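Q: Numbering (UniProt numbering), first residue to last: 1 to 415. We put the beta carbon where it would ideally sit given N, CA and C, even for glycine. All of these numbers come straight from a predicted model, not from anything done at the bench. Can you keep this structure in mind? I'll have questions shortly.
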């Protein structure tokens, strides 16, 4: 059984409490009903509480929750929120004994990692802190591995976040030993750890003649740009290629979100083969998929990288480059290099400031093309897939974008 769930909390003993996504509607209905059924404060008269007794608890958010008494200590009771998993010490005045809703099973499931042995045979505090910071309130993928003999005991699971195995990640951090060797391969170690040079997959492109929405992510010159395929606003008209691209982009964003949470635990890059996939830190402080292009400086070492999902380049020190988990290699690159058809540099362009690496174009032509495509709803018509991917690019007014450059005398038609 494989399903999506939200981690409601991680206990002090490392127990992972999950709420399956399929339970969320029923849990919401129960919570709404309880808020209507219970009003005001908790029980204000003396009451002899018993261990294991069912109750309702008024949380710090003033909402009522189902609870169970774990321990009685004078006027304070240790209570577990049975639909959330977390345990608190609560004054009696914030509780009611109640047999309401006891026929409804708890919505959260206590879990343990399958074939995973914590260092010292129990989860150390720093490991618990890591689990809590990483998982609390996050959506994850659960693989049920083994059912408990007693239905109240913990479910044995494999947990995946952003495509990575939690057991393998914790083992890599030296918090535990993952007995399942196959699971270690699913983290997959890191790209670059094995002799064979890994590489990114290329995306599925529309066939010549197809028209599709795009977004320009980077301009090399007015004629050479990087595009990302966008999903049509009209869902019924989306092609297979558009739907696949949209779904892959969402999954990749989720995986990168997780990687940014734990990136400091990834090893720094130590090998610098050309085209080697890696994670690189951009100017916004976030980490993105990239590939190495060249060493631009030896002292201190500076590396030219390209962000494969945008097409942009950056010269980065070694401290901003890390190994990339294999799970991020299964997503095709999002940005595709294309040539724009139908125009060429103006033969009489007298602007003296030229693009250094493409001197046939003036800087004015480049900035004019930026104005034509930046923030616009664009569409493209596929012309050729080889030897170069070539497209006709249309603006949000449905006119070819290069017509503006021709009007300005910065380009001319190329038949």
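(1) Can you have a look at residue 226 and say buried or exposed, based on whether 16 or more other CB atoms are within 10 angstroms of its CB?
(2) Using 8 Å as the Cβ pair cut-off and three pairs as the minimum, do the stretch 118-125 and the stretch 8-15 touch?
(3) Round the Cβ separation of residue 313 and residue 306 to the nearest angstrom and send it over; I've been treating them as touching at under 8 Å.
(4) Alpha carbon to alpha carbon, how far is residue 130 from residue 267?
(5) Can you give me the Cβ contacts of residue 257 inside the same chain, cut-off strictly under 8 Å, excluding the 5 residues immediately before and after it?
(6) DSSP puts residue 231 in a beta bridge; with which residues?
(7) How far does the alpha helix (DSSP H) with residue 16 in it extend, from its first residue to its last?
(8) Provide the residue span of the beta strand (DSSP E) that contains residue 218, from first to last.
(9) Would DSSP call residue 453 helix, strand or coil?
(10) Between the stretch 137-154 and the stretch 82-96, do three or more beta carbon pairs fall short of 8 Å?
(11) Quick one: Cα of residue 183 to Cα of residue 158, how far?
(12) So is residue 370 buried or exposed if we call it buried at 16+ other beta carbons inside 10 Å?
(13) Where are the beta strand (DSSP E) runs, 3 residues long or more, that stay fully inside the stretch 134-187, in chain order?
(14) Give the C-beta separation of residue 377 and residue 396 to the nearest angstrom, bearing in mind that I take them to be a contact with Cβ-Cβ under 8 Å.
(15) Using 10 angstroms around the beta-carbon of residue 8, count the other beta-carbons present and answer buried if the total reaches 16, otherwise exposed.
(16) Indicate whether the contact test is met: 3 or more Cβ pairs, each with one atom in the stretch 107-119 and one in the stretch 166-182, closer than 8 Å.
(17) Spell out a yes or no on whether the stretch 200-215 and the stretch 331-348 are touching, meaning 3 or more CB-CB pairs, one atom from each, closer than 8 Å.
(18) Quick one: complete beta strand (DSSP E) runs, 3+ long, within the stretch 340-398?
(19) Quick check on this structure: which residue in 1, 4, 26, 375 has the alpha carbon closest to the alpha carbon of residue 216?
(20) Could you tell me whether the stretch 16-29 touches the stretch 50-69, where touching means 3 or more Cβ pairs closer than 8 Å?
(21) According to the Cβ coordinates, are residue 402 and residue 311 closer than 9 Å?
(22) Can the beta-carbon of residue 43 be found less than 9 Å from the beta-carbon of residue 97?
(23) Considering only the beta carbon of each residue, do residue 379 and residue 270 sit closer than 9 Å?
(24) Quick check on the DSSP output: the beta strand (DSSP E) that includes residue 426 runs from which residue to which?
(25) Among the candidates 221, 220, 250, whose CA atom is the shortest distance from the CA of residue 230?
(26) My assumption, with CB atoms under 8 Å, is that residue 416 sits in contact with residue 206. Please give the rounded CB distance.
(27) If you run the structure through DSSP and keep just helix, strand and coil, what is residue 264?
(28) For residue 48, which three-state DSSP category applies?
(29) So, do the stretch 97-110 and the stretch 54-69 have three or more beta carbon pairs nearer to each other than 8 Å?
(30) To the nearest angstrom, how far is the alpha carbon of residue 325 from that of residue 106?
(31) Given this structure, state the Cα-to-Cα distance separating residue 62 from residue 32, to the nearest angstrom.
(32) Below 9 Å between beta carbons: does that hold for residue 372 and residue 321?
(33) List, from N- to C-terminal side, the beta strand (DSSP E) runs of 3 residues or more that fit wholly inside the UniProt domain "Tudor" (48-105).
(34) Give the secondary structure of residue 335 by DSSP, where H, G and I count as helix, E and B as strand, and everything else as coil.
(35) If you draw a straight line from the C-alpha of residue 394 to the C-alpha of residue 340, how long is it?
(36) Going by beta-carbon coordinates alone, are residue 255 and residue 331 separated by less than 9 Å?
A: Short version:
(1) Under the 10 Å beta carbon count, residue 226 is surrounded by 16 or more other beta carbons and is classified as buried.
(2) With the cut-off at 8 Å, the stretch 118-125 and the stretch 8-15 touch.
(3) Under the criterion of beta carbons closer than 8 Å, residue 313 and residue 306 qualify as touching, at roughly 5 Å.
(4) The straight-line gap from Cα to Cα measures roughly 17 Å.
(5) Only 162 meet the Cβ criterion.
(6) For residue 231, DSSP records no beta bridge to any residue.
(7) Looking at the DSSP string, residue 16 is not in any alpha helix (DSSP H); the run it does join, the beta strand (DSSP E), is 16-20.
(8) For residue 218, the enclosing beta strand (DSSP E) begins and ends at 211-219.
(9) Only positions 1 to 415 of the chain appear in the structure, and residue 453 is not among them; the question remains open.
(10) Remark: fewer than three beta-carbon pairs, one from each stretch, lie closer than 8 Å, so the stretch 137-154 and the stretch 82-96 are not flagged as touching.
(11) For residue 183, the pLDDT reaches just 45, beneath the cut-off of 50, and the residue's location in the model is therefore unreliable, although a value from the coordinates is still provided. C-alpha of residue 183 to C-alpha of residue 158: approximately 9 Å in a straight line.
(12) So residue 370 counts as exposed.
(13) Within the stretch 134-187, the complete beta strand (DSSP E) runs of at least 3 residues are 139-146, 155-161, 176-178.
(14) Between residue 396 and residue 377 the Cβ distance is about 4 Å, and since that is below 8 Å, they are a contact.
(15) Residue 8 should be labelled buried.
(16) The stretch 107-119, when compared against the stretch 166-182, does touch it at the 8 Å Cβ threshold.
(17) Enough Cβ pairs lie closer than 8 Å, so yes.
(18) Counting only runs of 3+ residues, the beta strand (DSSP E) found wholly inside the stretch 340-398 occupies 343-345, 358-362, 378-384, 390-394, in chain order.
(19) The candidate whose alpha carbon is nearest that of residue 216 is 375.
(20) They do not touch, by the three-pair rule.
(21) Taking 9 Å as the Cβ cut-off, residue 402 and residue 311 do not qualify as a contacting pair.
(22) Using a Cβ distance threshold of 9 Å, residue 43 and residue 97 count as a contacting pair.
(23) No, the pair does not count as a contact, with Cβ atoms beyond the cut-off.
(24) Only positions 1 to 415 of the chain appear in the structure, and residue 426 is not among them; the question remains open.
(25) Nearest C-alpha to residue 230: 250.
(26) As displayed, the chain neither begins before 1 nor continues past 415, which places residue 416 out of reach and without an answer.
(27) In the three-state scheme derived from DSSP, where H, G and I count as helix and E and B as strand, residue 264 is classed as helix.
(28) Looking at residue 48 - three-state DSSP - the assignment turns out to be coil, as it is neither helix nor strand.
(29) Counting Cβ pairs under 8 Å, three or more are found: they touch.
(30) Between residue 325 and residue 106, the C-alpha separation is close to 36 Å.
(31) Near 13 Å, if we compare the C-alpha coordinates of residue 32 and residue 62.
(32) Contact: no.
(33) For the UniProt domain "Tudor" (48-105), whole beta strand (DSSP E) runs of length 3 or above, ordered along the chain, are 54-58, 64-73, 76-81, 87-91, 95-97.
(34) Reduced to three states, the DSSP call for residue 335 is coil.
(35) So the alpha carbons of these two residues sit roughly 10 Å apart.
(36) In this structure, residue 255 lies near residue 331, with their beta-carbon atoms less than 9 Å apart.
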